[in-house]
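Some notes on the structure that comes next.
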Ligand SMILES: [Zn+2]
């Protein structure tokens, strides 16, 4: 019955994660299907897990000083069981309003500390919740949900990962995935939380055949520990646009090129490490991931200036430009056309030197000058009046003036390399030097 509903999505990540853990444990499709009797079963399932030897360390990180780990508590298991049973007895169904700081739909009947809800009101996290006083006001249902949190956390080095999303499907799959592995205590295998976030996202997209493009998914990763001596928290957001881009790659014919692009973002010297040994690089900083998370361009990772070659093709990069970089479609097309023009002019004039000029332009003015000369070259070659003026071009190609001109330069090079690569090889323009661009610093 709808009016007996206990759980629905709240504004509190720990309560949400715990609620999804319960639903997943019980194999329920929705939070609304959880009832009081289910919860009774659930607590008897989880208690032996929490008290097992290989969960001890994690419990110190999640619920320090709780009756699960506190050495001064006698008969820990009994004590913890009775705490959970008490919470179930006090459960109230959701109403329209209430003063619980998590759900806001029931009145609080508990004042909780960090031993019961991670990162609550102590030390430097005193302001994490709105009331900076002693403990935080929770209702029994929310307090109980948080006790299921350990089931849906993954470890990441010495920290824990908690995933939140606006998408019910993402929350469900993450919970199912954690629960599936719960007795094995699977770690993410990552110590770098940003890399872990991309790994989790890509796995989700690959493993579950949803119409992710239509979901408008955003993801938030909480990287935290509630450890007694040093609680800590960092938050990483994966924007919806980046999620959509990753789902687009999944279906793109050049998707393997994406792995090469990501590989170039790692801060490693590929000549000095064993590429097959993931451990040697997967926790290093990756600038492709960093840039995607901080709204910076990754265009330069799509081109290899030494080899004058590209990763992916125009359709892949233009999707990225439109979706993630929010570039206007007219501008994207104008850049493509100009790239095509320059490529054919270089070819017709048999003049690869101009390409060198374009590659070496090191500031906005010299870049503009090379473009101007290229347009003159074109007119000279065809002995024709221009189809366009330089000013027309500049307006479409560089609407922000000196801002982001480097990205535009890289985009033009992308298109020129894509179109001219074979011609450049035939004309020995590409040097035999070893490829020093497997990683870009
Ligand atoms: Zn509540």
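Residue numbers (the numbering used here): 12 to 452. C-beta: ideal position from N, C-alpha, C; glycine also. Bear in mind that the values here come from a model prediction, so they are computed numbers and not experimental data.
A residue is called buried once 16 or more other Cβ atoms fall within 10 Å of its Cβ, and residue 270, having fewer, is exposed. Between residue 247 and residue 232, the gap from beta carbon to beta carbon is short of 7 Å. Within the region 144-232, the runs of beta strand (DSSP E) that reach at least 3 residues and sit entirely inside it are, in chain order, 147-149, 165-167 and 170-176. Every residue with a CB closer than 6 Å to a heavy atom of ligand 1 is listed here in chain order: 111, 113, 114, 117, 149, 150, 152 and 153. Counting along the chain, the unbroken beta strand (DSSP E) around residue 122 starts and ends at 121-123.
Following the DSSP letters along the chain, one finds residue 338 in no alpha helix (DSSP H), marked with neither H nor E. Here DSSP, grouped into helix, strand and coil, assigns residue 248 to strand.
The criterion of a C-beta distance shorter than 7 Å is satisfied by residue 180 and residue 221. Your pair residue 127 and residue 157 checks out as a contact, with CB atoms roughly 7 Å apart and the cut at 8 Å. With respect to the 7 Å criterion, residue 341 and residue 203 are not classified as neighbours on the basis of their beta carbons.
By the beta-carbon neighbour count (other beta carbons within 10 angstroms, threshold 16), residue 205 is buried.
Within 10 angstroms of the beta-carbon of residue 47 lie fewer than 16 other beta-carbons, which makes it exposed.
Rounded to whole angstroms, the gap between the alpha carbons of residue 50 and residue 61 is 16 Å. Residues of the same chain with a CB within less than 6 Å of the CB of residue 103, apart from the 5 flanking positions on each side, are 117 in chain order. Residues of the same chain with a CB within less than 7 Å of the CB of residue 324, apart from the 5 flanking positions on each side, are 265 and 429 in chain order. Spatial neighbours of residue 405 in its own chain (CB-CB distance under 8 Å, excluding positions within 5 residues in sequence) are listed in chain order as 379 and 382. The DSSP-derived three-state label of residue 320 is strand.
By the Cβ neighbour-count rule, residue 224 is exposed, with fewer than 16 other Cβ atoms within 10 Å of its own. Its chain contains 224 and 334 as the residues whose beta carbon lies nearer than 7 Å to that of residue 255, once the 5 sequence neighbours on both sides are disregarded; these appear in chain order. Listed in chain order, the non-local C-beta contacts of residue 347 below 8 Å within the same chain comprise 325, 329 and 426, local neighbours out to five positions each way being set aside. The residues 327, in chain order, have a CB closer than 6 Å to that of residue 263 in the same chain once the five nearest residues on each side in sequence are set aside. DSSP places residue 314 in the strand class (E or B) of the three-state scheme. For the pair residue 160 and residue 28, the CB atoms are nearer than the 7 Å cut-off. Taking the Cα of residue 261 as reference, the smallest distance to any Cα among 84, 193 and 212 is reached at 212. Residue 360 sits in coil when the DSSP states are folded into three classes, being neither helix nor strand.
A distance of 7 Å or more separates the beta carbons of residue 78 and residue 67.
Scanning 175, 343, 366 and 58 for the CA closest to the CA of residue 354 turns up 366. According to the DSSP assignment, residue 53 belongs to the alpha helix (DSSP H) that extends over 47-61.
By a beta-carbon distance limit of 8 Å, residue 122 contacts residue 148. Their separation comes to about 6 Å. Annotation: the continuous alpha helix (DSSP H) that includes residue 35 extends over 24-36. The beta-carbon separation of residue 440 and residue 318, rounded to 11 Å, does not stay under the 8 Å limit for a contact. If you check the CB distance, residue 155 and residue 208 do not come in under 7 Å. Excluding residues up to 5 positions away in sequence, 319, 363 and 441 lie with their Cβ nearer than 7 Å to the Cβ of residue 435 in the same chain. Non-local C-beta neighbours of residue 187 in its own chain, meaning closer than 8 Å and more than five positions away in sequence, comprise 35, ordered along the chain. Following the DSSP letters along the chain, one finds residue 417 inside the alpha helix (DSSP H) bounded by residues 416-437.
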